[in-house]
Structure formats: structure tokens, C-alpha cells
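Student: Chain order of the listed sequences is A and B.
FYI, the numbering for the first sequence is 8 to 340, going by this note's numbering.
FYI, the numbering for the second sequence is 6 to 206, going by this note's numbering.
First, the structure itself, so that you have it in front of you.
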Amino acid sequence: MTLILGLEGTAWNLSVAVVSEERVIYEAESTYKPEYGGIHPREAAQHHASELKNVVSRALRGAEGEGFSLEEIAAIAFSQGPGMGPCLRTVATAARALSIYLKIPLIGVNHCIAHIEIGRWQCGTKDPVVLYVSGANSQVLAYRFGRYRILGETLDIGIGNALDKFARYLRLSHPGGPKIEELASKGTKYVYMPYVVKGMDLSFSGLTTAAKDALDLHQHKKEDICHSFQETGFAMLTEVTERAMAHCCKDEMLLAGGVGANRRLQQMLKTMCHDRGARFYVPEAKYLKDNGAMIAYLGLLMLKSGDTTPIEKSAVNPNYRPDEVEVTWRDVE
Amino acid sequence: MEKLSEETLMIQCAEAIVEIKDGFVYKRRIEKRYRVKEIDERIRRERTKSEAKIISEARRKGVPTPIIFDITDYELVMERIEGDLAREVINDAISERIGEFVGILHKNSIIHSDLTTSNIIVSTDNIIYFIDFGLSFIESSTEAKGVDVHVFFQSLRGTHESYEQLKRSFIKGYRRTFPNASHVLKRVKEIERRGRYVERK
């Protein structure tokens with residue numbers, strides 16, 4: 008049996024997991040919580056640096072507890088990007104050290120693609136159009152001709168970031184998304200918000216501004232503003248996802264990324280898929296947020312196709328795009 | 006695409022139903038259950054209006070587009086253009102004329118957004134018409150124009166063997182009517198390298 012140790016720490020969640028071909032064997036994590044405001048990249052990196060030893064040890068001991076021997080670990084996988092520079096560098100340093108010490112290959116993986124592959128694995132979907140939504144990212148992707156192509160994406164900030172910014176304005180603590188969702192569920196009135204879809208691309212920064220104005224200038228109830236914010240942003244995402252499905256003639260859809268945990272977003276996508284006779288897939292919440300298991304799993308796929316990363320090519324890339332990666336582990340259609 | 010009778014043809018797209026009957030084209034934007042009524046109605050109304058506006062604007066600037074006979078909240082009634090899809094009949098001369106018209110659109114900051122040889126009709130009286138401005142918008146950026154041209158090249162590549170020659174003819178026409186063509190064509194090369202936009206089947 009081949010085991011992979013995966014290290015994830017692109018933003019605020021440090022997570023390490025051991026994965027085999029059959030299942031996720033053990034996961035350990037430690038989450039950075041800002042005292043106020045949003046994620047401070049340097050503080051998050053310092054959190055990761057001080058927690059790495061502990062989290063890696065817990066993951067390894069956990070795997071041993073499940074009856075596996077550490078000798079069985081065949082490679083170390085880590086998030087090479089995209090993400091916050093200081094966080095990426097910290098985790099990459101740990102991954103290189105482990106690879107050298109244990110004398111096993113290093114595999115730098117693309118964080119976005121890891122989200123997609125764990126979703127495909129957990130849900131058993133073959134060839135879906137993917138909506139990947141998180142703090143920093145909002146992309147619609149589909150696999151064609153050996154790569155995950157980006158069919159549509161945000162032109163400014165990710166939907167999660169837009170939600171978090173407004174949540175901070177309401178003095179809600181990080182992460183703001185779930186708190187906005189809670190408030191939105193009590194909203195009843197729709198307040199005008201800008202709906203910006205340009206071709207296949209999206210823009211969310213105007214939503215945050217409109218939400219602040221709705222609060223300060225027009226004194227709308229915050230429940231109604233949160234409701235309207237979600238309805239508008241999620242409708243934009245659903246529309247572009249549907250258009251991508253029509254364009255690529257695909258009848259499966261996979262939701263990925265932390266914002267994917269939002270129940271209203273799930274519901275909208277499910278309705279859209281139902282109305283066009285397509286199937287909707289979403290993995291468990293723990294595989295939607297950033298997690299080490301997805302990094303380990305993509306590492307496993309890459310190792311099997313002989314795709315490893317020599318140390319001199321293991322520099323991190325904070326702007327690593329999924330369409331830069333040549334997919335070696337899937338059949339070319 | 007479903008053929009109902011000799012006279013009526015219905016096409017279901019992602020956001021609209023297009024019905025062709027008695028020499029007219031009816032394009033109706035359909036309701037989406039996933040979004041709240043307030044958004045759904047606003048978007049369908051805004052887009053119907055904007056599409057009509059851009060179709061007329063393009064024609065005023067000298068690019069043949071269907072005449073619009075009527076516009077209601079969610080529906081456009083347009084002239085039916087008789088002819089062949091450019092996809093079926095394109096040659097160097099046609100590609101060059103398409104280039105000239107796209108040059109005119111871009112000179113006037115009209116971005117078609119779905120420039121494929123299936124959205125261009127060569128009419129029976131040999132006029133080149135541009136249809137389906139459903140995703141169009143007004144923008145002056147080099148990037149938007151570059152993506153527009155790139156999408157057109159992709160549609161050529163997907164369906165035509167003489168792709169390179171057709172592309173050269175297009176560029177010849179595009180340069181003729183659009184003074185800023187070089188900037189955009191340079192950007193097209195960059196966009197190609199990004200490999201972002203997928204080929205249409």
C-alpha cells in the first residue's frame with residue numbers, strides 16, 4: 008500500500024493528513040484565528056511555523072494508531088500555491104525538510120486542483136464542471152485536452168473575500184461567511200445589489216461596497232442586506248456555472264472550496280442542475296475547506312503518474328493557476 | 006435543436022429560447038428558478054434591453070445585424086436572416102470581410118463576446134450578418150477585444166482545416182478598419198499562451 012503525507016497551509020488552516028489509495032487514514036489540523044480583522048499573512052505563517060511540528064507528529068502518530076507503519080509513506084506532498092506567500096514558504100520548508108530526512112520524493116501540488124480531485128474522489132463524479140469558491144478564489148473549471156481550463160473567474164476578489172469584508176464591517180469575527188449565512192437566513196426583503204457578469208467572468212468587489220451603503224446610507228436591516236448579498240453573488244456564480252455546462256456539454260457539476268459549505272449556494276446550484284437534467288455533487292464540509300487530505304490525495308495521483316518535484320523546482324508560487332498544470336493522471340479526451 | 010415543422014424551429018440556449026417562425030426570430034429569456042424573482046426579472050429585462058441596444062448600435066456603425074421589430078420585457082422580435090452559417094461556407098474572402106466588421110465593432114468598443122462562425126450568417130444576397138449579441142457589452146479595453154478575437158480564432162480552429170489561412174485573411178480585414186488592431190493582435194498572442202479559453206466543439 009502506498010501512503011502519502013500531505014501538508015496544507017496556504018492561508019489560515021494548517022492541516023496535515025495521511026492518505027492511501029483506499030481512504031483518508033488520519034488528519035490533524037491547527038487553525039490560526041486572528042484576534043481581530045482578517046488573516047494577517049505574517050501572523051498566519053508564524054502560527055504555522057510554531058504548530059507544524061505538533062500537527063505533523065499528530066498525523067503520523069494517528070496513522071500509526073490506525074495500524075500503519077511510517078516506512079510505508081512513499082512521498083511528501085505540499086501546496087505549492089496559490090496562497091499567501093509567507094504561509095506557503097513556511098509549509099514548503101517543512102515539506103522539503105521531511106522529504107530530505109525521510110529520503111522520499113517531494114511533490115508540489117496545485118491547491119485548486121487538489122480541491123477538485125478530492126471532490127471527484129469523494130463523490131465519485133467522473134467529468135464535472137467545477138465551481139471552486141473560497142476566500143481568495145472563484146473559478147469555473149472543466150477538464151479538456153489535458154488541463155483544467157478556467158472557463159470563468161472573478162475579475163477582482165473571491166466571493167469569500169467579499170463576504171468576509173462585509174462581515175468585518177459588521178464587526179463579526181473571522182471567518183465571516185457562516186455568520187453572514189446565519190443572518191441571511193433571517194432576511195426577507197431583497198435590497199438592490201450590483202449583478203456583474205461579463206461574458207463568463209464575475210466581479211464581486213461592488214457587492215461589498217453596495218452592502219456597506221445599504222447599511223450606512225439607506226439603513227436597511229443587516230439581515231436583509233446579508234440575504235441580498237448572498238442571493239446576488241450566488242446567482243452570478245450559478246449563472247456562469249450553468250453557462251459553462253451548456254458550453255462544454257457536461258451533465259455533472261462539482262462544488263469545491265470553503266464557500267461551498269454555504270447551504271443557500273448549494274441549494275441554488277442543485278436547483279439549476281435539476282432544471283437542466285444534470286447531477287450535482289458536493290463533498291463533506293471537511294473536504295470543502297482547506298485540508299491536508301486533498302493535498303496528500305493529489306500527491307498520490309501525481310506520484311503514480313511519475314510526477315514528482317525535485318527540490319530545485321519546489322519554490323512556491325503564490326499566483327499558481329490551475330491551468331498551468333499539465334494533468335498527468337487523467338485520460339486525455 | 007429541435008425541428009417542429011417546416012416553419013417553426015425552436016432552439017434552447019442556456020438563458021433563452023429562440024423560436025423561428027414566419028420570417029421572424031423570437032428570443033425569449035427564460036425564468037431561472039434558482040434566483041429570487043427580484044434578481045431574475047431585473048436581469049432578464051436589463052439584458053433584453055441591452056442586447057437590443059447593442060444590435061442597433063452595431064448596425065448604425067455599419068455592421069449588418071438583424072432589424073429589431075419589437076421588444077417587450079423579456080423578448081426580442083427580430084428579422085430572420087436567410088442564408089448559411091459562416092461555419093458552412095467560410096472562405097478567405099468571407100473571413101476578410103468578417104475581420105473588417107469585427108474591426109468596426111471594436112473601433113466602437115462593442116464586444117460581441119461569442120464570436121464564432123455559428124453566430125455569423127452569410128445571407129442569400131451575400132451580406133455578412135452578425136447575430137446573437139446576448140453576451141455583448143460595451144468596453145474599450147484591449148483585453149476584452151483580444152478575448153473576442155481569440156474566441157473567433159478558436160471557433161475557426163475547431164471546425165476549419167484551412168485555419169491558418171482564414172486567420173490571416175481575418176487579420177487583413179481587421180487591420181483595415183481598426184487602427185488599434187496591432188495592440189489587440191499582440192494581446193491575442195498573450196491570451197493564447199495563457200491557454201485559458203477552451204475550444205468550442
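A virtual CB, placed ideally from N, CA and C, is assigned to each residue, including glycine.
All of these numbers come straight from a predicted model, not from anything done at the bench.
Would you say Ile44 (chain B) reaches chain A, if we count a Cβ-Cβ gap shorter than 7 Å as a contact?
Tutor: Yes, its Cβ sits closer than 7 Å to a Cβ of chain A.
Student: Quick one: residues in its chain with C-beta nearer than 7 Å to the C-beta of Thr132 (chain A), no 5 flanking neighbours on either side, listed in chain order?
Tutor: The answer, listed in chain order, is Glu259, Leu261, Tyr288.
Student: Can you list, in chain order, the residues of its chain whose CB lies under 6 Å from that of Val63 (chain A), leaving out five sequence neighbours each side?
Tutor: Val23.
Student: Is it buried or exposed, Pro184 (chain B), if we count other Cβ atoms within 10 angstroms and call 16 or more buried?
Tutor: By the 10 Å Cβ count, Pro184 (chain B) comes out exposed.
Student: Mind reading off the beta-carbon distance from Gln87 (chain A) to Val323 (chain A)? Whole number of angstroms is fine, and I expect it under 8 Å.
Tutor: Right, the Cβ-Cβ distance comes to about 6 Å (below 8 Å), so this counts as a contact.
Student: Around the Cβ of Cys130 (chain A), are there at least 16 other Cβ atoms within 10 angstroms (buried) or fewer (exposed)?
Tutor: Result: buried.
Student: Taking 8 Å as the cut-off, does the region 138 to 155 of chain B touch the region 40 to 56 of chain B (at least 3 CB pairs, one atom from each stretch)?
Tutor: Taking 8 Å as the limit for Cβ pairs, the verdict is that the region 138 to 155 of chain B does touch the region 40 to 56 of chain B.
Student: List the residues that DSSP assigns as beta-bridge partners of Gln146 (chain A).
Tutor: Answer by DSSP bridge pairing, in chain order: A:Tyr139, A:Glu160.
Student: Please check if any C-beta of chain B sits within less than 7 Å of the C-beta of Tyr197 (chain A).
Tutor: Yes - at least one Cβ of chain B is within 7 Å of the one on Tyr197 (chain A).
Student: What does DSSP give as the partner residues of Leu77 (chain A) in its beta bridges?
Tutor: Answer by DSSP bridge pairing: none, since Leu77 (chain A) is not bridged.
Student: Is Gly206 (chain A) close to chain B, meaning its C-beta is less than 7 Å from at least one C-beta of that chain?
Tutor: Cβ-Cβ to chain B under 7 Å: yes for Gly206 (chain A).
Student: For Arg49 (chain A), which of helix, strand or coil comes out of DSSP?
Tutor: If DSSP states are grouped into helix, strand and coil, Arg49 (chain A) belongs with the helices.
Student: Any beta-carbon of chain A closer than 7 Å to the one on Ala63 (chain B)?
Tutor: It does not: the Cβ of Ala63 (chain B) has no partner Cβ on chain A nearer than 7 Å.
Student: Quick check on Glu188 (chain A) - is its C-beta less than 7 Å from some C-beta in chain B?
Tutor: With 7 Å as the cut-off, Glu188 (chain A) does not count as an interface residue toward chain B.
Student: Over what stretch of residues does the alpha helix (DSSP H) that includes Asp75 (chain B) continue unbroken?
Tutor: Here Asp75 (chain B) belongs to no alpha helix (DSSP H); instead the beta strand (DSSP E) covers 73 to 76.
Student: Would Arg92 (chain B) count as contacting chain A if we go by Cβ distances under 7 Å?
Tutor: For Arg92 (chain B), the answer is no, since every Cβ of chain A falls outside 7 Å of its Cβ.
Student: Excluding sequence positions up to five away, which residues of its chain have a Cβ less than 6 Å from the Cβ of Ala186 (chain B)?
Tutor: Closer than 6 Å at the Cβ level, and outside the excluded window around Ala186 (chain B), lie Tyr179, Arg180.
Student: How many Å lie between Ile16 (chain B) and Glu58 (chain A) at the Cα?
Tutor: Going from the Cα of Ile16 (chain B) to the Cα of Glu58 (chain A) covers about 58 Å.
Student: Determine the burial state of Val115 (chain A): buried for a count of at least 16 other Cβ atoms within 10 Å of its Cβ, exposed for fewer.
Tutor: It should be pointed out that residue 115 (chain A) corresponds to Gly in this sequence rather than to Val. Classification for Gly115 (chain A): buried.
Student: In its own chain, which residues sit with a C-beta less than 7 Å from the C-beta of Gly306 (chain A), not counting the 5 before and 5 after it?
Tutor: Result list for Gly306 (chain A): Ile11, Gly13, Ala82, Ala84, Ile114, Val116, in chain order.
Student: Return no unless some Cβ of chain B is closer than 7 Å to the Cβ of Glu346 (chain A).
Tutor: Residue 346 (chain A) lies beyond the stretch modelled for chain A, which goes from 8 to 340, so this question has no answer here.
Student: Using a beta-carbon distance below 7 Å, is Arg286 (chain A) in contact with chain B?
Tutor: No, because no Cβ of chain B sits closer than 7 Å to the Cβ of Arg286 (chain A).
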